[in-house]
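Colleague: Chains A and B, in that order, give the protein sequences.
Just so you know, we're using the UniProt record's numbering here: the first sequence kicks off at 1 and counts up by one.
Just so you know, we're using the UniProt record's numbering here: the second sequence kicks off at 1 and counts up by one.
For every residue, glycine included, the Cβ atom is placed at its ideal position computed from N, Cα and C.
Keep in mind it's a predicted model, so treat the numbers as computed, not measured.
I have a structure here, written as structure tokens, and I will follow up with some questions on it.
There are 2 protein chains.
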Amino acid sequence: MGSSANGSRTATTNGGAGRAPVDKEVDFANYFCTYAFLYHQKEMLSDRVRMDAYYDAVFRNPSHFLGKWLAFQKRWVFVRKFRRAPIGFQRRLSTHASQGTGSGILAIWSAQAGARKVYAVEATKMAEHARQLVKENKLEDVVEVIEGSIEDVTLPEKVDVIISEWMGYFLLRESMFDSVICARDRWLKPTGVMYPSHARMWLAPIRTGLSKHKMEDYEGCMKDWRFFVEDTHNYYGVDMSCLTKSFSEEQKKYYLQTSLWNNLHPNQVIGTAAIIKELDCLTATVDDILNLQASIKSSINAGDTRFCGFGGWFDVHFRVFLLHPSALVHEGDDLIVDFSMSRSKENHRLMEVELNCEIRQSSGELIPPSRKKFYIE
Amino acid sequence: MGSSANGSRTATTNGGAGRAPVDKEVDFANYFCTYAFLYHQKEMLSDRVRMDAYYDAVFRNPSHFLGKWLAFQKRWVFVRKFRRAPIGFQRRLSTHASQGTGSGILAIWSAQAGARKVYAVEATKMAEHARQLVKENKLEDVVEVIEGSIEDVTLPEKVDVIISEWMGYFLLRESMFDSVICARDRWLKPTGVMYPSHARMWLAPIRTGLSKHKMEDYEGCMKDWRFFVEDTHNYYGVDMSCLTKSFSEEQKKYYLQTSLWNNLHPNQVIGTAAIIKELDCLTATVDDILNLQASIKSSINAGDTRFCGFGGWFDVHFRVFLLHPSALVHEGDDLIVDFSMSRSKENHRLMEVELNCEIRQSSGELIPPSRKKFYIE
Numbered sequence: 001m002g003s004s005a006n007g008s009r010t011a012t013t014n015g016g017a018g019r020a021p022v023d024k025e026v027d028f029a030n031y032f033c034t035y036a037f038l039y040h041q042k043e044m045l046s047d048r049v050r051m052d053a054y055y056d057a058v059f060r061n062p063s064h065f066l067g068k069w070l071a072f073q074k075r076w077v078f079v080r081k082f083r084r085a086p087i088g089f090q091r092r093l094s095t096h097a098s099q100g101t102g103s104g105i106l107a108i109w110s111a112q113a114g115a116r117k118v119y120a121v122e123a124t125k126m127a128e129h130a131r132q133l134v135k136e137n138k139l140e141d142v143v144e145v146i147e148g149s150i151e152d153v154t155l156p157e158k159v160d161v162i163i164s165e166w167m168g169y170f171l172l173r174e175s176m177f178d179s180v181i182c183a184r185d186r187w188l189k190p191t192g193v194m195y196p197s198h199a200r201m202w203l204a205p206i207r208t209g210l211s212k213h214k215m216e217d218y219e220g221c222m223k224d225w226r227f228f229v230e231d232t233h234n235y236y237g238v239d240m241s242c243l244t245k246s247f248s249e250e251q252k253k254y255y256l257q258t259s260l261w262n263n264l265h266p267n268q269v270i271g272t273a274a275i276i277k278e279l280d281c282l283t284a285t286v287d288d289i290l291n292l293q294a295s296i297k298s299s300i301n302a303g304d305t306r307f308c309g310f311g312g313w314f315d316v317h318f319r320v321f322l323l324h325p326s327a328l329v330h331e332g333d334d335l336i337v338d339f340s341m342s343r344s345k346e347n348h349r350l351m352e353v354e355l356n357c358e359i360r361q362s363s364g365e366l367i368p369p370s371r372k373k374f375y376i377e
Numbered sequence: 001m002g003s004s005a006n007g008s009r010t011a012t013t014n015g016g017a018g019r020a021p022v023d024k025e026v027d028f029a030n031y032f033c034t035y036a037f038l039y040h041q042k043e044m045l046s047d048r049v050r051m052d053a054y055y056d057a058v059f060r061n062p063s064h065f066l067g068k069w070l071a072f073q074k075r076w077v078f079v080r081k082f083r084r085a086p087i088g089f090q091r092r093l094s095t096h097a098s099q100g101t102g103s104g105i106l107a108i109w110s111a112q113a114g115a116r117k118v119y120a121v122e123a124t125k126m127a128e129h130a131r132q133l134v135k136e137n138k139l140e141d142v143v144e145v146i147e148g149s150i151e152d153v154t155l156p157e158k159v160d161v162i163i164s165e166w167m168g169y170f171l172l173r174e175s176m177f178d179s180v181i182c183a184r185d186r187w188l189k190p191t192g193v194m195y196p197s198h199a200r201m202w203l204a205p206i207r208t209g210l211s212k213h214k215m216e217d218y219e220g221c222m223k224d225w226r227f228f229v230e231d232t233h234n235y236y237g238v239d240m241s242c243l244t245k246s247f248s249e250e251q252k253k254y255y256l257q258t259s260l261w262n263n264l265h266p267n268q269v270i271g272t273a274a275i276i277k278e279l280d281c282l283t284a285t286v287d288d289i290l291n292l293q294a295s296i297k298s299s300i301n302a303g304d305t306r307f308c309g310f311g312g313w314f315d316v317h318f319r320v321f322l323l324h325p326s327a328l329v330h331e332g333d334d335l336i337v338d339f340s341m342s343r344s345k346e347n348h349r350l351m352e353v354e355l356n357c358e359i360r361q362s363s364g365e366l367i368p369p370s371r372k373k374f375y376i377e
């Protein structure tokens, strides 16, 4: 959100190469404020899939929690642990934003699971409610709620487990994993474990009626614009037609190039799914997730159908990138896809995706590649 | 929005006593970014009431524009003028946010009306579109588009007229008038005029069905919360009941204490309307609008009816402050109202209103005063 029109800036970089500086004040205003409402906390805590995943992870891995020291940022828990066991629960995590347990629920569970000490770090005023909740649940001897951002706080010791719910749309939106990495590098013991421990991002071709609807929305919007230009000229003597191209670009970005959060039925996936990124949360760096690139192949396995776009997800939920126009594909066709993703220059918590897709028909014919840009807003 | 959790601040005050410092970076991120979309410009420019008011003002006052020098911030126009004539057009202005003519339409009209020079100052990237529009309308010799905020830019000369569309909900929301005052004090000649020249704020008792709906929304939300608390305790072993009071306060603020933008039919106004503030735009200071206070009397003139809240407006449009519960009132009753309005501590562009209302019944009975707080968000 170009603050260039203003004067001096309080800019801080968060390490790594090739990254735009992050203005913490602006970032706080844009990002954290909505997480300071109990209403949003309630919505997040009502997501049964996510809640069950974390609940099971904590209570089915007692050896990670019993008698351990933990820390917690909106979500961090650290425990002294001896070996790193695979933790399978992330397969059930929802993509429903990287909001989490500002209310302190992960910290409370960790304490209930037997942790000796939990540091619960929360950036917003929600910390006060977390403190209330900890007290009400009689865990104030174990859970210490600290108001501040994980980048700024100092813990009295290193910890054994970090638990956090940091995932945004298509895993990386919101760039919250940066903070997880920072917490890990500063406060996790060499023998410590991460909750969750691994993450994977998937991509597959899909069919969907959304494609048509979105195009209709866009066309309706452009029709309105043309009436508006005509009216403004007739009534107010100003010719605005020179802005039609810019307006069209703005609306195309909004209606056709911005990926959608949507539930998809498995039969809408018309080709084989491919992994475009795997992350080991114990070793991943910010540079690993700054720009993603992948070349994948997907075989159409759904008979003759419209290829309308890509579904992107981590685990069970989907993020949709629509194609305009969609393409006719046939069972046995192969899609050769180059994928790249980077952070938006204007807001480091949003993402831009480029998909270059070539269709190799089973008949031997080749449909030339089309390059599409999408925004995860 | 409370950036207290972060490090150092780039704080600037914009003069006057008793005001919290304004963080320009945060302010820009929160406020200006939506005005950088053509879609929003189109919505604003499609407001026929507002457009007509300004159009008439410019073209029916040729003596203010013919052969004059003008400047323009999203809206400023200044012309060398000899006497200050009353300008009646603001009676028709809509309250529809202080968005305006980032596209440059006021500047173009001013040039078309004969201004010798117009400085059009625009804080967002919309300035580029304004420049395009000026060129397309062959006025680049007259209109100079300057990208920057009026507080920061330097004009080559003082000007004769300032024209601006700065009004937000209930006139003052968005606190854009501060910028108008700054422009006036820095760049208007002693003989200059302001467009608009005057503004008035009104308050009157109303009846409305919204009152009941909003209470139902609030109660529904609290019912959901109680289920949520029960579920969280049963399924996840965490007692969240200690947050019920905080959640209720948060939802009350949202559903019952936040004023609503709404169109009202005149027969919903059940008592005499009173002016709570008059502003002469040529002389008003920021201190005049920081905190408003008024004691007014309103006589019920609508037969026996429910007194459901207050309508607040400037000119033809309304801003509604609902009472919970509403009160039964009778023709001939008098309302004695103490009104005060101040800026939100968290965001200087939002407002907080306190209304203390006493009902003096025509029967002689006195219903004790009730004090209500409202938020203009």
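(1) Nearest chain A C-beta to Tyr218(B) closer than 8 Å, yes or no?
(2) Give me whichever residues DSSP pairs with Glu354(B) in a beta bridge.
(3) Measure from the alpha carbon of Phe374(A) to the alpha carbon of each residue in Leu355(A), Glu365(A), His198(A), Lys214(A), then state which is nearest.
(4) Pick out whichever of Ser363(B), Ile296(B), Glu151(B), Lys245(B) has its Cα sitting closest to the Cα of Ser340(B).
(5) Along chain B, in chain order, which residues have C-beta atoms closer than 8 Å to that of Val153(A)?
(6) My understanding is that Met222(A) touches Gln251(A), with C-beta atoms under 8 Å, so please give their C-beta distance in whole angstroms.
(7) Against chain B, does His129(A) count as a neighbour if the rule is that its beta carbon must be under 8 Å from one of theirs?
(8) With a Cβ-Cβ cutoff of 8 Å, do His129(A) and Ser363(B) count as a contact?
(9) Using the rule of at least 16 other Cβ atoms within 10 Å of the residue's Cβ for burial, across every protein chain shown, is Asn137(B) buried or exposed?
(10) Check Gly209(A) in the structure and name its three-state DSSP category.
(11) From what residue to what residue does the alpha helix (DSSP H) around Met51(A) run?
(12) Would you mind listing the beta strand (DSSP E) stretches within the UniProt domain "Methyltransferase type 11" (100-194) of chain B that are 3+ residues and don't spill past its ends, in chain order?
(13) Note down the Cα distance separating Lys189(B) from Ala183(B), rounded to an integer number of angstroms.
(14) Assuming Ile162(A) and Met126(A) are in contact, meaning their beta carbons sit under 8 Å apart, how far apart are those beta carbons, in whole angstroms?
(15) Roughly how many angstroms lie between the CA atoms of residue 379(A) and Asp304(A), to the nearest whole one?
(16) Any idea what DSSP makes of Phe310(A), helix, strand or coil?
(17) Do the CB positions of Phe310(B) and Ala204(B) come within less than 8 Å of each other?
(18) Counting only C-beta atoms, is Lys253(A) closer than 8 Å to chain B at any point?
(19) Quick one: what's got a C-beta closer than 7 Å to Gln41(B)'s C-beta in the same chain, skipping five residues either side?
(20) Rounded C-beta distance between Ile108(B) and Val238(A)? I'm assuming under 8 Å.
(21) Is there at least one Cβ from chain B nearer than 8 Å to Glu140(A)'s Cβ?
(22) With 8 Å set as the bound, which would you pick, yes or no: does the beta-carbon of Thr232(B) sit closer than that to a beta-carbon of chain A?
(23) Examine chain A for any beta-carbon lying closer than 8 Å to the beta-carbon of residue 390(B), and answer yes or no.
(24) Is it buried or exposed, Lys81(A), if we count other Cβ atoms within 10 angstroms and call 16 or more buried?
(25) Using only the alpha-carbon positions, how far apart do Ala57(A) and Met167(B) sit?
(26) Among the residues of its own chain, which have a CB less than 7 Å from the CB of Asp338(B), if the five just before and after it don't count?
(27) Using three-state DSSP, classify Asp287(A) as helix, strand or coil.
(28) Measuring only between beta-carbons, confirm whether Ser46(B) sits less than 8 Å from chain A.
(29) Do the CB positions of Leu292(B) and Lys277(B) come within less than 8 Å of each other?
(30) Asp224(A): which of Cys242(A), Ser248(A), Asp185(A), Ser149(A) sits nearest, CA to CA?
(31) For Leu282(B), which of helix, strand or coil comes out of DSSP?
(32) Please report the straight-line C-alpha distance between Gly312(A) and Ile206(A), rounded to a whole angstrom.
(33) Taking Cβ-Cβ distances below 8 Å as the criterion, which residues of the segment 345-357 of chain A are in contact with chain B?
(34) If we cut at 8 Å on Cβ distances, does Phe307(B) have a partner in chain A?
(35) Is Glu365(A) buried or exposed, if buried means 16 or more other CB atoms sit within 10 Å of its CB?
(36) To the nearest angstrom, how far is it from the Cα of Leu350(A) to the Cα of Phe37(B)?
Modeller: Quick answer:
(1) no
(2) Ser340(B), Lys373(B)
(3) Leu355(A)
(4) Ile296(B)
(5) Ordered by position in chain B, no residue passes the 8 Å Cβ test against Val153(A), which lies about 10 Å from the chain.
(6) 7 Å
(7) yes
(8) no
(9) buried
(10) coil
(11) 48-59
(12) 117-122, 143-147, 159-163
(13) 11 Å
(14) The pair is not a contact, with the Cβ atoms about 19 Å apart (cut-off 8 Å).
(15) Residue coverage of chain A in this structure runs from 1 to 377, which leaves residue 379(A) outside it and unanswerable.
(16) strand
(17) yes
(18) no
(19) Gly102, Ser103, Met126
(20) 5 Å
(21) no
(22) yes
(23) The question about residue 390(B) has no answer, for chain B in this structure spans 1 to 377.
(24) Low local confidence applies: a pLDDT of 25 at Lys81(A) is under 50, so the model's placement there is unreliable, with the coordinate-based value given in what follows. So Lys81(A) ends up on the buried side.
(25) 53 Å
(26) Ser295, Asn356
(27) helix
(28) yes
(29) yes
(30) Ser248(A)
(31) coil
(32) 10 Å
(33) none
(34) no
(35) exposed
(36) 18 Å
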